[in-house]
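The next block holds one structure in the form of structure tokens; read it before the comments.
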Amino acid sequence: MLSSIIASGLAAGAVYALVGVTYNTMFSTSRVMSFTAGQLAMLGGVFGSMFTLKLGFPIWAGFLLTLALCAILGVITEFIAVRPVLKSLEQHLYVLSTLAVALMIQQVAAIKWGTEPQPFPHLVNLGSGVWDEKFWLPVAACAITILALEYLYRRTLVGRAFLAIAEDNFAARALGLPERNLRIASYALAGIIGGIAGFSGGQLLLAFFANGALLNFYGFVPVALGGLGNNRGAIIGGLALGLFQQAANFLVGGIFSSVAVFTLFIVVLLAAPQGVFGGATARRV
Amino acid sequence: MTAVTASLPERTEAATWRAALTNALPFLGILALALLLPLVGNDYWALIGTRMAIYWVLVSGLNLIVGFAGHLAIGYVALLTLGAYATSVLVAGNVMPAIPAFAALPIAAVVGAIFGVVVGLPALRLRTFYFAMSTLGFATIVTQIALAWQSVTGGGVGIAGPVFPAPFDTAWGFYFLCIGFATFTTWLTANVARSRFGRALIAVRDAEVAAEATGISKPKMLIAIFLLAGGCAAVAGGLFATLQTYITPDAFTFDLSVLFFIAILIGGRGSILGPLLGTMILTILPEIAAPLAEWSTFLYALLLLLIVLVMPGGIAALLDFRNRRPLASNRAIVPRPGALADIVRRSKGGRALSLRGVSLSFGNVKAIDGLDLDVAPGQIHGLIGPNGSGKTTTLNVISGYYAAKAGSMTLGGDPLPAGQPSLRATRGIARTFQTPRIIGEASVLQNVMIGGTVEGKASFVEALLALPRNRQDERMFAAKARSLLAVVGLENLADVRIDRLQHSELRFIEIARALMLDPDFLLLDEPAAGLSVDEIDRLGELIKAIAARGVGVLLVEHHADLIFDICNHITVLNLGRTLAAGTPTEIRVHKEVVSAYLGG
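Chains A and B, in that order, give the protein sequences.
Be aware that the first sequence starts at 1, since it is given in this note's numbering, and climbs by one per residue.
Be aware that the second sequence starts at 1001, since it is given in this note's numbering, and climbs by one per residue.
So this is what it looks like as structure tokens:
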């Protein structure tokens, strides 16, 4: 039982972690927490199933097309829901505008794709039992994504520019960094990461429109635990959340696992409002 | 800090009644239409009208959270679900002996109120997004629990909704019951909105820092509102279960949540009429556009996006005719400091505000480094120095926004605890801010009234039920605020939305707001910044008149003329340390001050 708790916990946790990274990627360049993060991951599953099962594309083509469409949706989000409200000082506006886009995505998915969960294909057919690909694939995808992001942020000029903007937007602009283009690029990147989350977790979560709202919450919990914009915190928080949820699932049953996650969320936020790995609060006066 | 003798432009009782009636008129009109509906409608209309009334029972409470406090509760369908199941389960007798519907409803309301607070806990400390998320998370788990807890909720099969006794068991009978509840919650929430609690909610939303300085405690306010809204939502849930006659988890789709809070945003923030109209429109919309019913959530979302991008004020802003009239362009601020004597109680005096060895650093920067300072009652104490010398930081330490790392503060011999900005108002310390911090969407009068919040005597429950003590409070606040506006020379602008005013006017309004408290000490942070020469002269006279009432004034300012004109005592700061202290004459010739700051 322990091995299946760990396998399913790490798998679900990896998906949550990737959604958390999706939130962070958008947040880093725009200071906006976007409700589209979970929807992008949902679309990763839905598009993946659509291209490979319904339309019969090869896996690699379906994968690339899924990522491309998610990236485009990320950019669309930036154009219609983020850019127009960035100038406004009121932080509640971006919550509403990104929520509106997220709801539209979800509703279109529900109508065009259907409201029933639909199957997602086997991708590599390797392993069985607790080594089934539906368990190890999300973990592998999460690890590869993190390594790629680390490479991007540490070794490439574009990645460093991302970091500069995340660190100090005004200073970065004063240095002549193309802030707007980098923001668009980061939303495309977030779309890709969300797409990877949904595609790699496709067999675990199936292609289901309601995954969007679910992943919005379960993906936000690690971000809240780890501190906004902190990818390391999101990964650790995501995996821990997955393990905690699955352990609760096996030990006390399905209903109480979601209650346990919600309680954990509230308690941690009250005890450590900035997250376990978060920084200090900004000056207010 | 309580004595009030408001006498200046007292408004007559009749005028107050007329204003109240004008405000109530649209609501009475809607109620009259609702009561006439049975004469023209069939059972189909009874169903729609009932649904509208039930939704409004929930939305009216939620409106205080979303529209007034500005917290985005996007998953409030969860509390509707909770109320529906609580009522149905109690009436069905699944966990304890069955009880009548009218007894189950209040119990459900209590359950809803408790969970309203639990879901709202993150909002007490964190930003908007966290609360949005916690309500969303709650919405997902409540449905899961309703599905899984079969022995009680009937799982996917569902459970029968409660049936109310005659005469409420027919379509129109139940309709009138729901209209009754809707009228009642409208009255309750309107009472809260019009009281100091409603203003405090908006203040916390738009100017949290200033709200703290006036003594508003955000957690207490929000918990009261969460209790109320949770209770309303659960009652709505109970009624909803009756309307459905049979409930399953599928009945509580997330689309309902979306409808609820979009109704409020379409209606406009800080309004009750707007969200009421919003709820009615959104309930009818899918009915008259039947082919679009499937797309209703998409349309709501599109509407939300349009509202956010194009018309952030919503319906309420459209209906706000009064604030579209142009203001006179040649307005002048002519304070009448003489009238102060009638309004602001003479400070008891004798108590001094003292700082000893106060230090505070941000990282390696020592913002204040061992500062001693005494502000005596009735004296104007100037605090000057170059930029970054620690003047504003000193004000922030006194008013509790920063906790000093070392040193002590005393007020008349009693220690003044570090931190706790919201407890300064009760100690008689009021302040203004370097950049005026105002509630942009409220009127000038309401902005000034905020300053007196801690002087209100009525409790939240008294405000909720509009009991006499609350009405007394309100009359006192309004009269005093009008008088103080007359003192600063802005009484003609009392009913104007404050964000239409000029910067210099805001400076004087902040002073009026601070005076609402009858403060013993007034901390002014660069009150003359951005004022014309004439205005600075008038400001000087006003400050002198305030000090003459026994108030100790601590004045941070860059205008050397003003400082040397009106101050009794001056402290010069440089790099967080006292460079010099003494009377204006001493400071004017102090060598280091002249070379470091004054020049010449």
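A virtual CB, placed ideally from N, CA and C, is assigned to each residue, including glycine.
Counting contacts by CB-CB distance shorter than 7 Å, is residue i in contact with chain B?
| i | result |
| --- | --- |
| A/Q107 | yes |
| A/L204 | no |
| A/F209 | no |
| A/P121 | no |
| A/H92 | yes |
| A/P273 | yes |
| A/L137 | no |
| A/V95 | yes |
| A/P84 | yes |
| A/F220 | yes |
Grouping DSSP H, G and I as helix and E and B as strand, with all else coil, what is residue i?
| i | result |
| --- | --- |
| B/D1206 | helix |
| B/R1194 | helix |
| B/A1246 | According to the sequence provided, residue 1246 of chain B is Tyr. The question's Ala does not apply to it. In this structure, B/Y1246 counts as strand in the three-state DSSP scheme. |
| A/V267 | helix |
| B/I1065 | helix |
| B/M1001 | With a pLDDT of only 37 at B/M1001, under 50, the local geometry of the prediction cannot be trusted, and the value read off the model is given with reservation. Of the three classes helix, strand and coil, the one that applies to B/M1001 here is coil, per DSSP. |
| B/A1006 | Residue placement at B/A1006 is poorly supported in this model, since its pLDDT is 40, which falls under 50; the coordinates still yield a value, given next. Coil, per DSSP. |
| B/I1429 | strand |
| B/N1023 | helix |
| A/G238 | helix |
| B/S1408 | strand |
| B/V1556 | strand |
| B/I1368 | strand |
| B/N1387 | coil |
Kindly indicate if chain A contains any beta-carbon less than 7 Å away from that of residue i.
| i | result |
| --- | --- |
| B/A1003 | Unreliable positioning characterises B/A1003 in this predicted model, as indicated by a pLDDT of 39, which lies under 50. A coordinate reading is not provided. |
| B/V1308 | yes |
| B/M1409 | no |
| B/F1129 | yes |
| B/L1072 | yes |
| B/G1137 | yes |
| B/A1019 | no |
| B/M1052 | no |
| B/A1006 | Confidence in B/A1006 is poor, its pLDDT being 40 and thus under 50, which makes the residue's placement unreliable; the coordinate value appears in the next sentence. Chain A contact via Cβ: absent. |
| B/F1298 | yes |
| B/T1140 | yes |
| B/E1010 | Only weak support exists for where B/E1010 lies, its pLDDT of 49 falling under 50; the value from the coordinates is given anyway. Judged by the 7 Å Cβ criterion, B/E1010 is not in contact with chain A. |
Assign residue i to buried or exposed, taking buried as 16 or more other Cβ atoms, counted over all protein chains shown, within 10 Å of its Cβ.
| i | result |
| --- | --- |
| B/L1033 | exposed |
| A/Y151 | exposed |
| B/D1495 | exposed |
| B/F1362 | exposed |
| B/M1280 | buried |
| A/A213 | buried |
| A/V252 | exposed |
| B/Q1502 | exposed |
| B/N1323 | exposed |
Is the distance from the Cβ of residue i to the Cβ of residue j below 7 Å?
| i | j | result |
| --- | --- | --- |
| B/V1448 | B/L1493 | no |
| A/A161 | A/L182 | yes |
| A/N230 | A/G38 | no |
| B/I1384 | B/I1543 | no |
| A/V130 | A/S3 | yes |
| B/A1084 | B/A1263 | no |
| B/T1223 | B/V1117 | Correcting the residue type first, residue 1223 of chain B is Ile in the shown sequence and not Thr. Against a cut-off of 7 Å, the Cβ pair of B/V1117 and B/I1223 comes out as a contact. |
| B/N1470 | B/A1458 | yes |
| B/D1518 | B/V1344 | yes |
| B/A1233 | B/G1112 | yes |
| B/I1159 | B/S1088 | yes |
| B/A1466 | B/N1063 | no |
| A/P51 | A/P117 | For the sequence presented, residue 51 of chain A should be read as Phe rather than Pro. For A/F51 and A/P117, no; Cβs fall outside 7 Å. |
| B/V1353 | B/L1411 | Contrary to the premise, residue 1353 of chain B reads as Leu rather than Val in this sequence. Going by C-beta atoms, B/L1353 is nearer than 7 Å to B/L1411. |
| A/A234 | A/G44 | no |
Pull out every residue of the region 1148–1164 of chain B whose Cβ sits closer than 8 Å to any Cβ of chain A, in chain order.
Of all residues in the region 1148–1164 of chain B, A1148 and W1149 have a Cβ within less than 8 Å of some Cβ in chain A.
Output needed in chain order: residues of the region 1514–1537 of chain B with a Cβ under 9 Å from some Cβ in chain A.
Per Cβ criterion, the list is empty.
Residues in the region 230–262 of chain A having any Cβ partner in chain B nearer than 7 Å
Of all residues in the region 230–262 of chain A, G254, I255, S258, V259 and F262 have a Cβ within less than 7 Å of some Cβ in chain B.
Within 9 Å of chain A by C-beta, residues of the region 1104–1131 of chain B in sequence order
Shown in chain order are the members of the region 1104–1131 of chain B whose Cβ falls below 9 Å from a Cβ of chain A: V1118, V1119, L1121, P1122, L1124, R1125, L1126, R1127, T1128, F1129 and Y1130.
Residues of the region 1429–1457 of chain B with a CB closer than 7 Å to any CB of chain A: list them in chain order, please.
Here the close residues number zero.
Using a Cβ-Cβ cut-off of less than 8 Å, list which residues of the region 172–184 of chain A approach chain B; keep chain order.
Considering only beta carbons, no part of the region 172–184 of chain A lies closer than 8 Å to chain B.
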